[in-house]
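So the structure is just underneath, and the comments pick up after that.
Dropping the structure here:
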């Protein structure tokens, strides 16, 4: 188990002869922060140990430190029995808060994923947002898609992928100017298709201070995605912060697609006042934190001032209690340290080229292949309902047209869709391992999303090796494609500070969810994998010491749809 190293504090109630007056200092050695004078040794004085405070943690932890410390090693894995009597709830509830039922409006766009991604302007741009529109956005973002019964308990399938089906994310919306619903801060409750009112009143003034990137201009509603830490750490312990970010990225992608589908301008923000925004949303900050935000806008100006009677009310003192999801919650110091370290950010004048920073050089670059025929993908709402994590892959040839559509979907940059919005940091690179793909040499490829091209780095069948690296999940050996989300951790942190880790993992999760929907749309299977032996994955791909795999998404023909695909192919 990863434990944050204690601080050794040499106590000098009366300075001993070994102490040099005025020479006490703090140094960092082997992960410990040791306070002493240059002549002191541990034997000189009595010592006490205490956990480091957050300022000291920020001095010593980095994204690379956290990522390496939570890496899986085949020879060092330890057993971990789940405490099923303490299983966290996957639905957050606000007992006593008013619930507002959302309209059962089924007038969704029938556009496909590629239709939604491929327009520079939102489809059928709207001039205002009403409650029905807000309801459709929330349902498209996060909805219950099916129910099953396992071990005497109900299990609810969802439109959003999640590691271990633990669903750490939550969705909130600050309503500013939406017809049919009063201004206020609300929590989305997908199980009951409703929103809980947390705070009444107009919050534009507060948001202009806490999250200026999403509150400026014509914002009508601002959405917030949070993660409840213990839901994932119950199973994944210190490594769980990776899944907090990846899973929140999954939800963010659905939100972006929902806003585009509804014809709304929007802007996404990864930078905001963390502590202030968490207080604004009424969190227990030891248990829950906001990770991303997005504003929905229209062509009509937002209110310039609001009467005092509509001003935002103070959050109730009982709201933070709702961040607790289990009777006994373990708080892991490593998660707290990396999360709070990432409150600090930096924006460089020139963003790094992460693709080049990997140190890999393809033999040559080729433009993305174009589909030869229409495959008639499902509509986006249908793909959301049918999305599942599928593992029953079959060893059959993946038609080139299917590869074309998958690569095409990954190349769109959909993080911002409003003129004047700040650019989103490009913190990851994308590659893929090709196996049984029509007309494509098996091997490891890199994808240049900006120039819509791809290049072969190394020939060979990598799927069996990657399956071995992904905790020996042999079903992965049957996949036609393994998509890889990569970054250079040192370059990332040098450019963006500790918050760069958030950027990278959220973007990896976002593109992973898009792959889920793209694969489902053309009747392929997809499954995201966040568990693998990290160093072995880097060695397999020839990555340098500073570069790492963040996420893997397998895609290809599955037994469920292989016969229909053969007929269409």
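Numbering (UniProt numbering), first residue to last: 1 to 569. Each residue gets a CB set at the ideal place from its N, CA and C atoms; glycine is no exception.
(message) What does the Cβ neighbour count give for residue 362, buried or exposed, with the cut at 16 atoms within 10 Å?
(response) The residue you call residue 362 lines up with position 362 of the chain shown. The residue in question, residue 362, is buried, as its Cβ has 16 or more Cβ neighbours within 10 Å.
(message) Applying the 10 Å Cβ sphere with the 16-neighbour rule, what's the burial state of residue 271?
(response) Position 271 of the chain shown, counted from the first residue, corresponds to residue 271. With 16 or more other Cβ atoms within 10 Å, it is buried.
(request) Report yes if the CB atom of residue 414 is closer than 8 Å to the CB atom of residue 117, and no otherwise. (result) Against the chain shown, residue 414 aligns to sequence position 414. Against the chain shown, residue 117 aligns to sequence position 117. The answer is yes: Cβ separation under 8 Å.
(request) For residue 42, name the three-state secondary structure that DSSP assigns. (result) Here the question's residue 42 lines up with position 42 in the chain shown. Any reading at residue 42 must be qualified, since the residue scores a pLDDT of 36, below 50, and its modelled position is unreliable; the value itself is stated next. Residue 42 falls in the coil class under three-state DSSP.
(message) Tell me the DSSP secondary structure of residue 296 in three-state form.
(response) Position 296 of the chain shown holds residue 296. Of the three classes helix, strand and coil, the one that applies to residue 296 here is strand, per DSSP.
(message) Just to confirm the assignment, what range does the alpha helix (DSSP H) spanning residue 184 have?
(response) On the chain shown, residue 184 is found 184 positions in, with the first residue counted as 1. Careful: residue 184 lies outside any alpha helix (DSSP H), inside the beta strand (DSSP E) at 184 to 189.
(request) Out of 288, 338, 268, 385, state which residue places its alpha-carbon closest to the alpha-carbon of residue 65. (result) Counting from one through the chain shown, the residue named residue 65 turns up at place 65. Of the candidates 288, 338, 268, 385, the one whose C-alpha sits nearest the C-alpha of residue 65 is 338.
(message) Using 8 Å as the threshold, is the C-beta distance between residue 242 and residue 533 below it?
(response) Along the chain shown, one-based indexing puts residue 242 at 242. Along the chain shown, one-based indexing puts residue 533 at 533. Contact: no.
(request) Whole angstroms is fine: what's the gap from residue 238's alpha carbon to residue 281's? (result) As a working note, residue 238 is residue 238 in the chain shown. As a working note, residue 281 is residue 281 in the chain shown. The alpha-carbon atoms of residue 238 and residue 281 are separated by roughly 25 Å.
(message) Considering just the uninterrupted stretch of the alpha helix (DSSP H) at residue 70, what are its terminal residues?
(response) For the purposes of this step, residue 70 is taken as residue 70 along the chain shown, with counting starting at 1. For residue 70, there is no enclosing alpha helix (DSSP H), as DSSP marks it with neither H nor E.
(message) By alpha-carbon positions, which one of 137, 494, 128 ends up nearest to residue 106?
(response) Locating residue 106 in the chain shown gives position 106, counting from the first residue. Nearest to residue 106 by alpha-carbon distance, out of 137, 494, 128, is 137.
(request) Kindly indicate which three-state DSSP category residue 161 falls into: helix, strand or coil? (result) Within the chain shown, numbered from 1, the residue matching residue 161 stands at position 161. The answer is coil: DSSP assigns residue 161 none of H, G, I, E or B.
(request) Report yes if the C-beta distance between residue 469 and residue 540 is below 8 Å; otherwise report no. (result) Residue 469 sits at position 469 when you count from the first residue of the chain shown. Residue 540 sits at position 540 when you count from the first residue of the chain shown. Yes.
(message) Against chain C, does residue 100 count as a neighbour if the rule is that its beta carbon must be under 8 Å from one of theirs?
(response) Absence of chain C from the displayed structure is noted, only one protein chain being present.
(message) Suppose you measure from the CA of residue 390 to the CA of residue 525; what does that come to, to the nearest Å?
(response) Here residue 390 refers to the residue found at position 390 when the chain shown is read from its first residue. Here residue 525 refers to the residue found at position 525 when the chain shown is read from its first residue. Each residue's Cα considered, the two are about 5 Å apart.
(message) Are the CB atoms of residue 131 and residue 164 within a distance shorter than 8 Å?
(response) As a position in the chain shown, residue 164 is number 164, starting the count at 1. As a position in the chain shown, residue 131 is number 131, starting the count at 1. It is not a contact, given that the beta carbons lie outside the stated cut-off.
(message) Using the three-state DSSP reduction, which class does residue 268 fall into: helix, strand or coil?
(response) As a working note, residue 268 is residue 268 in the chain shown. Here residue 268 sits in strand by DSSP.
(request) Starting from the Cα of residue 536, find the closest Cα among 479, 520, 466 and give me that residue. (result) Position 536 of the chain shown, counted from the first residue, corresponds to residue 536. Checked all of 479, 520, 466; the closest Cα to residue 536 is 466.
(message) Beta-carbon within less than 6 Å of residue 78's beta-carbon, same chain only, minus the 5 sequence neighbours each way: which residues are those?
(response) Here residue 78 refers to the residue found at position 78 of the chain shown. Contacts found: none.
(request) Keeping to the same chain, check which residues put their C-beta closer than 8 Å to that of residue 191; ignore five residues upstream and five downstream. (result) What you label residue 191 is simply residue 191 of the chain shown in a count that begins at 1. So the qualifying residues of the chain are 91, 144, 156.
(request) Can you grab the Cα-Cα spacing for the pair residue 168 / residue 159, in whole Å? (result) As a position in the chain shown, residue 168 is number 168, starting the count at 1. As a position in the chain shown, residue 159 is number 159, starting the count at 1. When rounded, the distance between both Cα atoms is 14 Å.
(request) With distances taken Cα to Cα, identify the nearest neighbour of residue 119 among 221, 108, 264. (result) The sequence position of residue 119 within the chain shown is 119, counting from 1. Measuring from the Cα of residue 119, the nearest candidate turns out to be 264.
(request) Use the C-beta contact count for residue 377: other C-beta atoms within 10 angstroms, 16 or more gives buried, fewer gives exposed. (result) As a working mapping, residue 377 is identified with position 377 in the chain shown. By the neighbour-count criterion, in which 16 or more other beta carbons inside 10 Å mark a residue as buried, residue 377 falls on the buried side.
(message) Just to confirm before moving on: does the CB-CB distance between residue 62 and residue 340 stay below 8 Å?
(response) The count along the chain shown starts at 1 and reaches residue 62 at position 62. The count along the chain shown starts at 1 and reaches residue 340 at position 340. Not closer than 8 Å, so no.
(request) Can you grab the Cα-Cα spacing for the pair residue 367 / residue 461, in whole Å? (result) In the chain shown, residue 367 corresponds to position 367, counting from 1. In the chain shown, residue 461 corresponds to position 461, counting from 1. Each residue's Cα considered, the two are about 22 Å apart.
(request) Give me the Cα-Cα distance between residue 504 and residue 510, rounded to the nearest whole angstrom. (result) On the chain shown, position 504 is the one that residue 504 refers to. On the chain shown, position 510 is the one that residue 510 refers to. So the alpha carbons of these two residues sit roughly 10 Å apart.
(message) With H, G and I counted as helix, E and B as strand and the rest as coil, what does DSSP make of residue 380?
(response) On the chain shown, position 380 is the one that residue 380 refers to. In the structure shown, residue 380 sits in a helix (DSSP, three-state: H, G or I).
(request) Mind checking who residue 458 pairs with in its DSSP beta bridge? (result) In the chain shown, the residue the question calls residue 458 occupies position 458. In DSSP, residue 458 forms a bridge with 444.
(request) Assess, as a yes-or-no matter, whether the stretch 349 to 365 is touched by the stretch 480 to 495 under the definition of 3 or more beta carbon pairs within less than 8 Å. (result) The stretch 480 to 495 vs the stretch 349 to 365: in contact.
(message) residue 364 and residue 455 - do their beta-carbons sit closer together than 8 Å?
(response) Along the chain shown, read from residue 1 onward, the residue named residue 455 stands at position 455. Along the chain shown, read from residue 1 onward, the residue named residue 364 stands at position 364. Closer than 8 Å, so yes.
(message) When you compare the stretch 213 to 224 with the stretch 307 to 323, are there three or more beta-carbon pairs, one atom per stretch, that lie closer than 8 Å?
(response) Three or more beta-carbon pairs separated by less than 8 Å are not found between the stretch 213 to 224 and the stretch 307 to 323, which leaves the two stretches without contact.
(message) Assuming contact is defined by CB atoms lying nearer than 8 Å, are residue 109 and residue 261 in contact in what I supplied?
(response) Taking the first residue of the chain shown as 1, we reach residue 109 at position 109. Taking the first residue of the chain shown as 1, we reach residue 261 at position 261. In this structure, residue 261 lies closer than 8 Å to residue 109 by Cβ.
(message) Taking 7 Å as the cut-off, is the beta-carbon of residue 510 closer than that to any non-hydrogen atom of the ligand ATP?
(response) This structure simply doesn't include the ligand ATP, nor any ligand for that matter.
(message) Which of the three DSSP states is assigned to residue 430 in this structure?
(response) Against the chain shown, residue 430 aligns to sequence position 430. Correct three-state label for residue 430: strand.
(request) Using beta-carbon positions only, say whether residue 187 and residue 170 come within less than 8 Å of one another. (result) Translated into positions along the chain shown, residue 187 becomes position 187. Translated into positions along the chain shown, residue 170 becomes position 170. Cβ atoms of residue 187 and residue 170: closer than 8 Å.
(message) Which of the three DSSP states is assigned to residue 304 in this structure?
(response) Here residue 304 refers to the residue found at position 304 when the chain shown is read from its first residue. Because residue 304 carries a pLDDT of 44, less than 50, the predicted location of this residue cannot be relied on, and the following value inherits that uncertainty. If DSSP states are grouped into helix, strand and coil, residue 304 belongs with coil.
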